[in-house]
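Chemist: Numbering (the working numbering), first residue to last: 5 to 127.
(1) Residue 102 to residue 24, Cα distance in whole Å?
(2) Quick one: any contact between the segment 16–23 and the segment 49–62, if contact means 3 or more CB pairs under 8 Å?
(3) Which residue from 111, 81 and 105 puts its Cα closest to that of residue 119?
(4) Could you check how far apart the C-beta atoms of residue 96 and residue 16 are, in whole angstroms? I think they sit under 8 Å.
(5) Any idea what DSSP makes of residue 80, helix, strand or coil?
(6) Between residue 37 and residue 57, how many whole angstroms is the CB-CB distance? I'm expecting something under 8 Å.
Set out below in structure tokens:
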């Protein structure tokens, strides 16, 4: 939590707000899902992907196709926009992203990096 770190003496400028460009299923299965694979389903305001999703899972050092069926929670475009605006308004040092390869191309209207850029431009 940011306030806990500030109470320990860290300065706001030393802190970055981290956001994932991936999701994990709620059933705690081993899969990782890139945002770009479900961005169209989520749209600008969505954060929860439901329904079956094919994903490659590594089992015994070999890729295996599996179908995930539990919900997956993402930081969608609006949430990324809002978190970027918060980091800027609060005076944090910046944003940290893991894993940038999970995003769509910047030119796509549902790109998370684009949402970050829009928030920065609107400040």
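C-beta: ideal position from N, C-alpha, C; glycine also.
This structure is a prediction, so every number in the text was calculated from the model and none was measured.
Modeler: Looking at the coordinates:
(1) A straight-line Cα-Cα distance of about 5 Å links residue 102 and residue 24.
(2) In this structure the segment 16–23 does not touch the segment 49–62; the number of beta carbon pairs closer than 8 Å is below three.
(3) 81
(4) 6 Å
(5) coil
(6) Correct: roughly 6 Å between the Cβ atoms.
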